[in-house]
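Trainee: Going down the list, the sequences are from chains A and B.
Take the first sequence: its position 156, counted from the start at 1, is 155 in numbering that gives the first Met the number 0, and no numbers get skipped.
Take the second sequence: its position 228, counted from the start at 1, is 227 in numbering that gives the first Met the number 0, and no numbers get skipped.
All C-beta atoms, glycine included, are put in the ideal place defined by N, C-alpha and C.
Treat the numbers as computed from the prediction; the structure is a model and nothing was measured.
My questions will all concern the structure given below.
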Amino acid sequence: MDLSTTYLGLKLKNPLVPSSSPLTRSLDSLRRMEDAGASAVVLYSLFEEQITLESEMLNHYLTQGIESFPEALSYFPEAEEYHTGPEGYLEHIQRAKKALDIPVIGSLNGVSTGGWVNYARKIQEAGADALELNVYYLPTDMNLSSAEVEQIYLDILKDVKAAVTIPVTMKLSPYFSAMANMAKRLSDAGANGLVLFNRFYQPDLDPQNLEIVPHLVLSNSNELRLPLRWIAILYGRVAADLALTTGIHQVEDVVKAVMAGASITMIASELLQNGIERVGDLLTGLEQWLTEYEYESLEQMKGSLSQINCAEPAAFERANYMRVLSSYSR
Amino acid sequence: MTEKIMTLDGNEACARVAHKVNEVIAIYPITPSSPMGEWADQYSAEGKTNIWGSIPLVVEMQAEGGAAGAVHGALQAGALTTTFTASQGLLLMVPNMHKIAGELTSTVFHIAARSVAAQALSIFGDHSDVMAARGTGFAQLFANSIQEITDFALISSAATMETRVPFLHIFDGFRSSHEINKVELLDDSVIRAMINDELVRSHRERGLSPDHPFIRGTAQNPDVFFQARESANPYYLAAPQIVQKVMDKFAELTGRQYNLFDYVGAPDAERVIVIMGSGAETAHETVEYLAAQGEKVGLVKVRLYRPFAVEAFLKALPPTVKAIGVLDRTKEPGASGEPLYQDVITAVAEGVADETAPFAIMPKIIGGRYGLSSKEFTPAMIKAVLDELANDKPKNHFTVGINDDVTHTSLDYDKEFNIEPDDVVRAVFYGLGSDGTVGANKNSIKIIGEDTDNYAQGYFVYDSKKAGSVTVSHLRFGPRPIRSTYLVHSANFVAVHQFSFLERYDVLRLAAPGAIFLLNSPYAPDEVWDHLPRAMQETIIAKKLKFYVLDGYEVAKNTGMGRRINTIMQTGFFALSGVLPTDDAIAAIKYAIKKTYGKRGEAVVNMNNAAVDNALDHLHKVTVPVTATSDFERMSIVPEYAPEFIQSVTARMIEGLGDELPVSALPVDGTYPSGTTKWEKRNIAVEIPVWDPDICIQCGKCSLVCPHGVIREKIFDSAALEKAPETFKSTEARFKEFKGMQFSLQVAPEDCTGCGLCVEVCPVKNKTQPKFKAINMEPQLPLRDQEKENWDFFLNLPSVDRTGLPLNQVKYNQLLDPLFEFSGACAGCGETPYLKLLSQLFGDRTIVANATGCSSIYGGNLPTTPWTVNEEGRGPAWSNSLFEDNAEFGLGMRVALDQRLEAATNVMRHMSSAIGEELCEAILYADQLTEADIQAQRGRVAELKHRLQEMIADGEMESTWKPDLENLLSMADIFVKKDVWIVGGDGWAYDIGYGGLDHVLASGRNVNVLVLDTEVYSNTGGQMSKATPRAAVAKFAAAGKPMAKKDLGMLAVSYGNIYVARVAFGANDAQTVRAFLEAEAYDGPSLIIAYSHCIAHGYDLTLGLEQQKAAVDSAYWPLFRYNPDMVAQNKNPFQLDSRTPKLPLEKYMYREGRFRMLTQSHPERAAKLLELAQEDVKTRWENYVEMAAKSPNGNGKTG
C-alpha cells in the first residue's frame, strides 16, 4: 500500500510524524521512532525565553554572595564555558541528522525578532530539513488588539522566511477570531505549512491549597474534532500544507485527519502513554484499513471529507447546539 | 624580553608561577591563601600545563596536616611539589616541615601570612604564623609587593632546587594576597631559564624507588642524631649565596634586581629601619620622600630572612648608621624582643665584635611591633619610628599604630602626615557586598591598569557580616608604580553606592578638599540636599566637594539588573574621574562586560550593556547651597541606655572606628559580654514581615525558620495591653493552656534581613486573596519607627513559663525566648534556625564548643555576637578553639563538668548532715528530665547556696570545714543539668575534625554534636568536602564531585551506643525537634546531622525550605533517628522518618545551581553522574528500609 505523502515539499513515506515532545530529546528515542516507521520527526522546541532565563539564572548564582565577605569572595569555580545558548539544541539537530535517514524538523519558540531570525538561521545551519515555528503566544495584554496579534504572527513568519531557505511551517493555536482568514494570510505570506493546533498547557486550580498548578493532560481522540474541522475547512483553499496535531491515537484518527485534508498527522500523547512502538501499530493498522476499504493509496483519500469535497459542506459550519443534537438523533 | 602586563592580586600572581613549576599540588582551604589552591585547581581543570608540558595533579586533602603529609610523600616519591597555606594551617604543617627540611628536600610552600589565633581568631595578616615555623629549617623569603610575589615565587622555586633547602615563600595575608596591582608577568621562557632540569632530575632521583632502594626516615639514637643534625650545615651556609646567584640570574632575564637585603634611602643615612613584608613598600616610599627632603634616613628590606645572612645584612647597612629601628609584624609574649629584632641585634653585635660591620661603633638598636592582623601601617607611623631613632634614648620594644595606654609601648604619630603625590588618583567606594561594587572596581583597575600607561592598585575592606555586608574599595591610579600598602586616607573621589549609608556612617571622612562625591541617590539633583544629614551637608560645603547623583537603582530596574548597580556606578566613576575619555571608558567597560559575562550568555551581556548606556542619562551635578539646612543628624550608633562597654567599645567598632580604641578599652583575655547583636541595628532589610493576626493559626513555623531570630511570640494577660503602642498587634491566644490570654507575634524591624523564609513557610492563606498569608513582606522604611516602638514594648512583656509546655511541638517551643539572635549570617541561612532552636530548648544550661567556620564567624566575630541571655541572665556559654579540634574541645568541657559534679557530690555527701540530709538527697537524686524538674532543681540549688552562705557567715561550723563550704558554694550550680553542644560544619565533621569527632563519639561521654551540613566549606567559599554530594560542582570539584557523599550518620550508628539523627527542619520540623530533644535526653554521645541550605548551593535561599522538602522527598536526605535507648524497650533503635521517595533525584538536584551548572559546563558528565547519584540514593534508601524493618537486636548501649 502506498502510504506516501508530501509535506513542506518533503516526500514522506507515510503520514505519521512524531511531534515536538520530550521524547524527541533523546537520540535513542528518535532512532526508535524511525525504526517504528515514523516518516519524519519534529524535535522539541528551542525556547528563546528559556535560553535567556538559563543565562540569567547562571549569572545569578555565580554572582550571588560574591565579593561580600573576606573569606569567601566567590562560591563557585568558573568553568571555561557554559552551554547557556542554543548550542545544545543545535548539536542535537546535528546528531539527529547523523543518526536518522528520515527528515528532521526543527522547532523554535522565540521572543524577540532578533531571536526568531537568529535561531532560525542557526537551526538551518545545523542541518534541519524544515522549521516549525511554535508561536506559543498568549495575548493577555488588555491593550493589544486582535489585529496587532495577527500582525505579530505575520511579521515573525516574514522575518524568518527572509532569513532561511528551508521550508517553514507555522504551528497555530485555535484562538483566532478569523481562523480562515489568518490561515490564508499566513499561507500567502509564504508559510509552507500550517500545523493545527497547538495545545496550550492549561493550568489547573488547587482549591484546597488555593494555588494555581501546572497540570499536563495528555490528549485523547475526542480532541481531534477541533483540528479536524479546521483542516477540512482550509483544505484546498490555502496553498500551505496542513498538518493535524492533537488527538491522534487510533488508526481511525489518522484516517479522519487525512480525509479532512491533512498531509501528515502528528502524534505525541499516544507515544508518551503507550510507547514509541505505537507508530508501527498505527502504520500496520492504517495499511489494513486502506486495504479493507479498498483504497489504492493514501493520496486517494486525502481531503475526501474536506469542506470542498464532502456532500454536506454546511456541516462544518454548524455551531448551534440544537442542530448538533438533531444531527445526532438523525 | 617582552613580558605581559596584567593587574592581578597576590594569590593569583603566586599561583600562576607555582602551577608552572610543580607536578603535584596538595591543598586545603584556609583564608587568605585559599584562592591560590583554587587557581591551581582551575588551571589544572582547564588543562593548563607546567613548563614540562604536563598538567599538575591537584589534590585536596582533609586538613593542612594531611596536605603536608601528602606533600612530604610526593616529594619522597620525587615529584616537584608545593602547597599553599596560612596561619593555623601552617602550624599544622610544622611537624612535616621539620622532616622535609631535615631530609634536605626541595620544595616551596607559598604562604599568605596570617595572624595565629590567640585571644581571638583573626583572618588578617601578620607574621606570627611564619615566625612560629622559623625553627623548621625552611628558608624564608619575603615578597613585599604583587610584582615581588610573582618574581619570588619563581626565585624560591629555583633556589630550592639548587640549595636543597625547602622554602617558605611568604607574603602578607590580605594586604598582599588580596591587593590588586599592575605587574609584569613572567614569560614561560624566563621560567624555563630559571629552572635547571638537571637539578629537577637529581630531585627525582633522590626519590624513593624500588629500582634503587634505600631507607630514609630512620629512627636514630643519642649516638648519632646530633651529628646527623649538624651534617646539613653546609647546605644552609651555602644557601644565601645561591639565592643571591639565582636573584642575579633573574635580574639578567627580567631587569629586576633583588638582593638578600635591599637598601633604600640616603647613602649617608644615620637612622635606618629594618623591615620585611608589605610594610617595606610603605617604608620605601616614606624613606624616599624624607631622604629627598634631606633627612638622613634609610631602609633595609629583608628578603631572605632564613637562613639569615649576617654578612650580607651588615653590608646592606650604610656605614654612617647610628640608630636602627627593627620592625616586627608579630608578637612573642615574654621574649626579650621579637624575632627580626633579635636577629638584627645578634648580627650587628657580631659584626661590631669581629669588625666585619661597616661601622666601628655599635649603633642604637630598638625593636618594635606594628601591623598585627593587618593593622594599618602608614608613612606617618614610619616617620614616627624614624623620629624616635633621633632621640638620645629612643623607646625600645615599642608598638606603633595603636594607642597603648596600659604599658605605654606605643609611639605617637602625626595622623595628618601625608606623602601621597597629587598626580595619583585616590578613590574610595562604599558599597554593599550584594550590589557588585567590589567587582566593578576590580574591573576598573583592570581597565586602567591594562588599557593605559597608568599604574593601578586596589584593596578592598569587607566587614564580617555575611548579610548586608559593607564593602569599602580603596583604589589608586598613577603614573608610577604604587607602593602605598595602606588604605586611602585622603580621597579625591568618593562614591557612595548606598543611600542608606548616609544615616549610619561618616562617608565623607576620607574626602580630600575639592574631591568629587558621587552618590547613588533615589532623589533628583534638586531634591537630594534635603535628605542629607546636617553634618554631611557641612562637610560638603567646607571641603568644597563636587557633588553628583546617579539613580543607580532606577537604571538597574529599567535594565533588568535587579539590585546590582556595579556597571552603572562604574560608568559614573569613569564619566566623572576623567581617568579615561568617557567614550574610551565605555568601550572598555563593555569589553570587560563581554569578557566577564560573555560565557554566561548573551542576555547577561546585553543587560549590562544596557545599564552602561542608561547610566550617563541619570548622572547629574548637584548645586551645593552655601549653607547647611538639614535639621537631622546621623542615627546614633547604639542607644543611650546601652551598657557602658557597648557605648565605649562596641559602638566604636560598629562605627568603623575600632582602630582608635586604646589598649585599655579591650578585655585582656578575649572575654566579651554575651548578647551584643541587639545593640547593632543594621536596618538592612528592604522589606520586613508583617503579621496578620486575623488569619494566623499561631503554629510557630515562621518563628522556627527565621534564621535571624527576629520573629518572636509571647502570650500574656490582656491587661498588659493597656500601655501598648497604638499599632501593636495581638489577638486571642489559640492555645488550650492559655485560654482568654493574648497572643502576639512581633518582628524586630531593624534586625530582619528580609530573607522571606517566614512567608514561604506560613501555611495559612488569606481566603479572599490567597497571595497574602498570615505573614507578608512589606517595605521596611515606612514601618520602621512604628515597629521599633512595638518591638520595645513587646520585649518588656513577660516571657512564658517554660515548665509544663509540650516542648516537642513547634507551636509551643516557639514561645520560648531564643538565646541566639540577629547573627550576621547570610539572609536566609539554613544553619542558624537549628542553633536558635537549640538555644530555645536548652540555652539556659548549655556550653557550646564551636568549630571554626561560618557558625564561629556569625557566632563570634566582633563587633557584636548573637549568643545571648534570658531574663534571669542565663544563656549559652560559647567558645571556639580551632577548626580541627572542636569535638575534643567539647569533650574537654564535658569531662570538666563531670569531674566538677563528682567533686561537688563528694563534698556535699561529706557535709550533708550539716547542710540538711533532705535537701542534699533531693539535689543528688533529682530527676532532671523535664523543664519542671530542672526548674525545681534550680530552686533546690538556690536553697543550697543560701544555706551555705549562711553557714559560712555564721562561722559556727568547724573552721576546717570552711574551705569545703566555700568550694561547694562555688561549685553548687553544677547540680543543675549542664549540656555540652559541639557545633560545627561539614568541613570540620567530615574532614579535618573527623578523627577527633569519631574518638569523642566513641568515648561514650554525654556530649551532643550538631553538624550543620552545608555540604561544602561555606565559610571559605564553597570548597568540596566529603559531605559534598556526587555530581555537585564545588571549588576543587569544578567538573562535579565524582564520589558519593560520606554517610557520617551510619558510621556513627555502627557503634551502636550513639544517638544519631538526620534532620531537615524545612522538610519536617517536628522530627527535627524530636531529634534535638532525644539527643539531649540521651545519656551518652549524640550526633545530629542537619541539612543546611546554603548560598553555596546556588539558588535563591527564599526557596530553601522547599528545597529541603525536595531533598527529603527524593530520598536524597532521608530523615532518621537511631536511638539506642529503644533497645531496652525492645524496639528497633533505627526509625526511618521519611516516606517512600516520591520525587526523582533530578527534580531535587536541578533546582540548584551547583548541580545545574554541571549540565551547562559538562552535560554528558552531568548525565552520567546523575545516574550514579540516583543509584546511590536508591541503594541507601533500600538499606535504610531494611534496617528500619529489622527487629531490635543486641547492639544497644554497652554502658
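What residue ranges within the region 714 to 773 of chain B form continuous alpha helix (DSSP H) runs of no fewer than 4 residues, ordered along the chain?
Mentor: You should have 756 to 760.
Trainee: So, is the C-beta of Ile104 (chain A) closer than 8 Å to a C-beta in chain B?
Mentor: Output row for Ile104 (chain A): interface = no.
Trainee: Would you report the Cα separation of Gly1198 (chain B) and Arg651 (chain B), rounded to the nearest angstrom?
Mentor: Because the pLDDT of Gly1198 (chain B) is 35, which lies under 50, any placement of that residue in the model is unreliable, and the question is left without a value.
Trainee: Which residues mark the beginning and the end of the alpha helix (DSSP H) in which Tyr671 (chain B) is found?
Mentor: Tyr671 (chain B) -> no alpha helix (DSSP H), and no H or E assigned at all.
Trainee: Using the beta-carbon of each residue, which ones in chain A are nearer than 7 Å to Cys13 (chain B)?
Mentor: What Cys13 (chain B) touches in chain A: nothing, since even the nearest Cβ is about 16 Å away.
Trainee: Under 8 Å between C-beta atoms, does Ser325 (chain A) make it to chain B?
Mentor: Any reading at Ser325 (chain A) must be qualified, since the residue scores a pLDDT of 49, below 50, and its modelled position is unreliable; the value itself is stated next. So no, Ser325 (chain A) is outside the interface.
Trainee: State yes or no: is the beta carbon of Phe46 (chain A) nearer than 8 Å to at least one beta carbon in chain B?
Mentor: By this cut-off, Phe46 (chain A) is not an interface position.
Trainee: Near Glu298 (chain A), which residues of its chain fall below 8 Å by C-beta distance, leaving aside the five closest residues on each side in sequence?
Mentor: Contacts found: Asp1, Ser3, Thr4.
Trainee: Under 7 Å between beta-carbons, which chain A residues line up against Met970 (chain B)? List them in chain order, please.
Mentor: What Met970 (chain B) touches in chain A: nothing, since even the nearest Cβ is about 40 Å away.
Trainee: CA-CA distance, Ser409 (chain B) and Thr398 (chain B)?
Mentor: Their Cα atoms are separated by approximately 4 Å.
Trainee: List, in chain order, every chain A residue whose beta-carbon is nearer than 8 Å to that of Gln41 (chain B).
Mentor: What Gln41 (chain B) touches in chain A: Pro76, Glu77.
Trainee: With H, G and I counted as helix, E and B as strand and the rest as coil, what does DSSP make of Lys1196 (chain B)?
Mentor: At Lys1196 (chain B) the pLDDT is 41, less than 50, meaning the model places this residue with poor confidence; the figure from the coordinates comes in the next sentence. DSSP places Lys1196 (chain B) in coil when its eight states are reduced to three.
Trainee: Let me know the alpha helix (DSSP H) ranges lying completely inside the region 1059 to 1127 of chain B, each 4 residues or longer, listed in chain order.
Mentor: With a minimum length of 4 residues, the continuous alpha helix (DSSP H) runs that stay inside the region 1059 to 1127 of chain B are 1068 to 1080, 1103 to 1112, 1124 to 1127.
Trainee: How do the region 34 to 50 of chain B and the region 182 to 202 of chain B stand: do at least 3 beta-carbon pairs fall below 8 Å, yes or no?
Mentor: Result yes; three or more Cβ-Cβ pairs closer than 8 Å.
Trainee: Sorted by chain position, which residues of the same chain lie with C-beta nearer than 6 Å to Cys13 (chain B)'s C-beta, five sequence neighbours on each side aside?
Mentor: Cβ within range, chain order: Met35, His109, Ile148, Ala152.
Trainee: For Arg317 (chain A), which of helix, strand or coil comes out of DSSP?
Mentor: Three-state DSSP puts Arg317 (chain A) in coil, outside helix and strand.
Trainee: If we ignore side chains and look at the alpha-carbon of each, how far apart do Asp247 (chain B) and Gln256 (chain B) end up?
Mentor: The straight-line gap from Cα to Cα measures roughly 6 Å.
Trainee: Can you check whether the CB of Ile145 (chain B) is closer than 8 Å to the CB of Val20 (chain B)?
Mentor: Contact flag unset, no.
Trainee: At a Cβ threshold of 8 Å, is Cys761 (chain B) touching chain A?
Mentor: False, the Cβ-Cβ gap to chain A never drops below 8 Å.
Trainee: Strictly by DSSP, which residues pair up with Trp528 (chain B)?
Mentor: Answer is none; Trp528 (chain B) lacks a bridge partner.
Trainee: Which of the three DSSP states is assigned to Thr5 (chain A) in this structure?
Mentor: Thr5 (chain A) falls in the strand class under three-state DSSP.
Trainee: Which residues in the same chain as Gln1134 (chain B) place their Cβ atom closer than 8 Å to its Cβ, once the five residues preceding and following it in sequence are excluded?
Mentor: Here the set comprises Phe1119, Arg1120, Tyr1121, Asn1122, Met1125, Ala1187.
Trainee: Listed in chain order, which residues of the region 1039 to 1052 of chain B have Cβ atoms closer than 9 Å to some Cβ of chain A?
Mentor: So the list is empty, because no residue satisfies the distance condition.
Trainee: In three-state terms, what does DSSP make of Gly64 (chain B)?
Mentor: Helix.
Trainee: Applying a beta-carbon distance threshold of less than 9 Å, which residues of chain A neighbour Gln785 (chain B)?
Mentor: Here the premise fails: no neighbours, minimum Cβ distance about 30 Å.
Trainee: Taking the alpha-carbon positions, what's the Leu744 (chain B) to Thr831 (chain B) distance?
Mentor: Those two C-alpha atoms are separated by around 20 Å.
Trainee: So what's Thr81 (chain B) in DSSP terms, helix, strand or just coil?
Mentor: Note: Thr81 (chain B) maps to strand in three-state DSSP.
Trainee: Which residues in the same chain have their Cβ closer than 7 Å to the Cβ of Ala44 (chain B), if we skip the five residues on either side of it in sequence?
Mentor: Excluding sequence neighbours, Ala44 (chain B) sits near Ala1037, Ala1038.
Trainee: Report yes or no: do the region 344 to 358 of chain B and the region 375 to 388 of chain B share at least 3 C-beta pairs separated by less than 8 Å?
Mentor: At 8 Å Cβ cutoff, the stretches do not touch.
Trainee: Going by CA-CA distance only, name the one from B:Gly1065, B:Gln1070, B:Glu1079, B:Asp1099 that's closest to Ser1091 (chain B).
Mentor: Ser1091 (chain B) has its Cα closest to that of B:Gly1065, out of B:Gly1065, B:Gln1070, B:Glu1079, B:Asp1099.
Trainee: Give me the DSSP bridge partner(s) of His168 (chain B).
Mentor: Paired residue(s): B:His109, B:Leu140.
Trainee: What three-state label does DSSP hand Ile165 (chain A) in the structure shown?
Mentor: Reduced to three states, the DSSP call for Ile165 (chain A) is coil.
Trainee: Counting contacts by CB-CB distance shorter than 8 Å, is Thr83 (chain A) in contact with chain B?
Mentor: It does: the Cβ of Thr83 (chain A) has a partner Cβ on chain B nearer than 8 Å.
Trainee: Would DSSP call Lys382 (chain B) helix, strand or coil?
Mentor: Three-state DSSP puts Lys382 (chain B) in a helix.
Trainee: So with Cβ pairs under 8 Å, would you call Lys594 (chain B) a contact of chain A?
Mentor: Taking Cβ atoms only, chain A never reaches closer than 8 Å to Lys594 (chain B), which makes this a no.
Trainee: Let me see if you follow: with CB-CB separation under 8 Å, is Phe68 (chain A) close to chain B or not?
Mentor: Yes, contact with chain B.
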